[in-house]
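Reading through the structure tokens given below for one structure.
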Amino acid sequence: MSGTSIDSVDAVLAHISHHGHELQATLEHPIPPGLRQAIADISQPGNNEIERMGVLDRQLGELFADACTALLDHAGVPASDVFVIGSHGQTIRHRPPSGGNAIAYTLQIGDPSTIAERTGITTVADFRRRDVAAGGEGAPLAPAFHAAAFARAGVNRAVVNIGGIANVSLLVGETLLTGFDTGPGNTLLDQWVHHHRGERYDRDGAWAAEGAVDPQLLARMQQHPFLAQQGARSTGKETFHLNWLTRCLAGLTNLNPQDVQATLADFTAQCIADSILGSAVPVDEIYVCGGGAYNTDLMRRLYQRLAPARLTTTAELGLAPEWVEGAAFAWLAWRTLNNLNGSAAEVTGAAGARVLGGIYPGATRSGAGATRLSAR
Ligand SMILES: Nc1ncnc2c1ncn2[C@@H]1O[C@H](COP(=O)(O)OP(=O)(O)O)[C@@H](O)[C@H]1O
Ligand SMILES: [Mg+2]
Numbered sequence: 428m429s430g431t432s433i434d435s436v437d438a439v440l441a442h443i444s445h446h447g448h449e450l451q452a453t454l455e456h457p458i459p460p461g462l463r464q465a466i467a468d469i470s471q472p473g474n475n476e477i478e479r480m481g482v483l484d485r486q487l488g489e490l491f492a493d494a495c496t497a498l499l500d501h502a503g504v505p506a507s508d509v510f511v512i513g514s515h516g517q518t519i520r521h522r523p524p525s526g527g528n529a530i531a532y533t534l535q536i537g538d539p540s541t542i543a544e545r546t547g548i549t550t551v552a553d554f555r556r557r558d559v560a561a562g563g564e565g566a567p568l569a570p571a572f573h574a575a576a577f578a579r580a581g582v583n584r585a586v587v588n589i590g591g592i593a594n595v596s597l598l599v600g601e602t603l604l605t606g607f608d609t610g611p612g613n614t615l616l617d618q619w620v621h622h623h624r625g626e627r628y629d630r631d632g633a634w635a636a637e638g639a640v641d642p643q644l645l646a647r648m649q650q651h652p653f654l655a656q657q658g659a660r661s662t663g664k665e666t667f668h669l670n671w672l673t674r675c676l677a678g679l680t681n682l683n684p685q686d687v688q689a690t691l692a693d694f695t696a697q698c699i700a701d702s703i704l705g706s707a708v709p710v711d712e713i714y715v716c717g718g719g720a721y722n723t724d725l726m727r728r729l730y731q732r733l734a735p736a737r738l739t740t741t742a743e744l745g746l747a748p749e750w751v752e753g754a755a756f757a758w759l760a761w762r763t764l765n766n767l768n769g770s771a772a773e774v775t776g777a778a779g780a781r782v783l784g785g786i787y788p789g790a791t792r793s794g795a796g797a798t799r800l801s802a803r
């Protein structure tokens, strides 16, 4: 898994069955700075995109294969023991139907053939496009996993994944009621702190915590049309970016960068909290996952808005926040090879649930007749 934050490749080794899942090993695999830049560059419209995408697709395939190999080395597990790799791929463009795109599409790269070739393990990839083909948003896809992993009879739970973009799943007892993107997760915070301080992220939200929220800027950001959309919705970094923020800042000349960071944190928390408070059913417990769970300042802002509901992280349910998304795609790949639906139409707005992704076979089984091609 590599999300919109481009922070690292998250690799998890999980044991999955019809009875549940259990993490066996995890590994955070670094993304070389050159590749990170190439991903950021191609995520914006620019020149020579096909050539650049073709090269990057292969490079990311190699990187994801390296991450799998390093994980298996670390775990001491041979590749032949692995049933399937689920590779989300790197999203480089997301144009969902909810954004008013007449022909919607979503694009994740990181050549799965390269992963299957390098590892010898059957690889499932390209999970989102089947849902888009069925009229859905293609996102978020984690809610079905959130329901399988975290739902409990008799309690209403919200699971909030705060990656670059944030999404929420609403679980009423054991059923998945709905799920959708709430808006920005860490992305605006990351972009602003990087722009002003050269840091990849605001550790623990310490910089934002010391700033003052500007009500005028906050009110302007809250006018974003995405936040008024009803029903299935998803978004990406192409919607919440610094150019948009710059437009919101027009004329607000006396604001210092730290106050802007505080306002971005408040805005992000507000988008998430509104999504939960606007739920058709009261939510008793909220479990946060994704890197944003480690942003103490953001968690405090959420807590203030969501009390008296209980706010904590998925670690309390036995899955550390940083591995939930990776586990979700391992689970989705397992579903695909078992011919089980992975998407939830009540989340994505698709015509129905679908078996997701493409299957890229791993090593050919050795032995006589394994690859008999002759016609009979
Ligand atoms: N200690 C921390 N303090 C603040 N933010 C953090 C911390 N640890 C992780 N993050 C945030 O989490 C992000 C990565 O989250 P992740 O769930 O991997 O997102 P994505 O799925 O978009 O890759 C980082 O870019 C950063 O913003
Ligand atoms: Mg990440």
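Numbering of the sequence shown is given in the working numbering, commencing with residue 428 and proceeding in unit increments.
Glycine is no exception: its CB is placed at the ideal position from the N, C-alpha and C atoms.
Please read all numbers here as calculations on a predicted model, not as lab measurements.
- Every residue whose beta carbon comes nearer than 5 Å to a heavy atom of ligand 1 appears here in chain order: Gly430, Thr431, Ser432, Asp434, Gly590, Gly591, Asn613, Asp617, Tyr628, Arg630, Asp631, Gly717, Gly718, Tyr721, Asn722.
- Across the set Ser770, Gly785, Ile786, the C-alpha of Ser770 shows the shortest separation from the C-alpha of Ala561.
- The shortest CA-to-CA distance from Ala742 to any of Pro735, Thr453, Trp750 is the one to Trp750.
- In this structure, the CA atom of Leu744 is about 15 Å from the CA atom of Ser596.
- Residue environment analysis places Ser429 among the buried positions, since at least 16 neighbouring C-beta atoms fall within 10 angstroms of its C-beta.
- Not a single heavy atom of ligand 2 lies less than 7 Å from the C-beta of Asp608.
- Membership of Asp631 in any beta strand (DSSP E) is not indicated, and neither H nor E is assigned to it by DSSP.
- Residue burial is scored here from C-beta neighbours: Gly527 has fewer than 16 other C-beta atoms within 10 angstroms and is therefore classed as exposed.
- Membership of Gly785 in the beta strand (DSSP E) is indicated by the continuous run 785-787.
- At a cut-off of 3 residues, the continuous stretches assigned as beta strand (DSSP E) that sit fully inside the stretch 550-635 are 550-552, 583-589, 592-599, 602-611.
- Straight through space, the alpha carbons of Met648 and Leu764 are spaced by roughly 43 Å.
- Between the C-alpha atoms of Asp693 and Gly516 there is a straight-line separation of about 30 Å.
- Scanning the stretch 429-461 from its first residue to its last, the whole beta strand (DSSP E) runs of 3-plus residues come out as 436-444, 447-456.
- Where Gln685 is concerned, the enclosing alpha helix (DSSP H) starts and stops at 684-704.
- Relative to ligand 2, the beta carbon of Asp686 is positioned no closer than 7 Å to any heavy atom.
- With a beta-carbon spacing of about 14 Å, Leu615 and Asp641 fall beyond the 8 Å limit used to define contacts.
- Restricted to the stretch 526-552, the alpha helix (DSSP H) segments that are unbroken, complete and at least 4 residues in length are 539-546, listed in chain order.
- The beta-carbon distance between Ala593 and Thr609, rounded to whole angstroms, is 5 Å. This is short enough to meet the 8 Å contact definition.
- Look at Gln731 here: in three-state DSSP terms it is helix.
- Sequence-distant Cβ neighbours of Gly591 in its own chain, meaning closer than 7 Å and more than five residues away, are Gly430, Thr431, Ser432, Gly612, Asn613, Thr614, Lys664.
- Taking 7 Å as the cut-off, one finds no heavy atom of ligand 2 near enough to the beta carbon of Asp500.
- Remark: C-beta atoms of Pro567 and Ser661 approach each other more closely than 8 Å.
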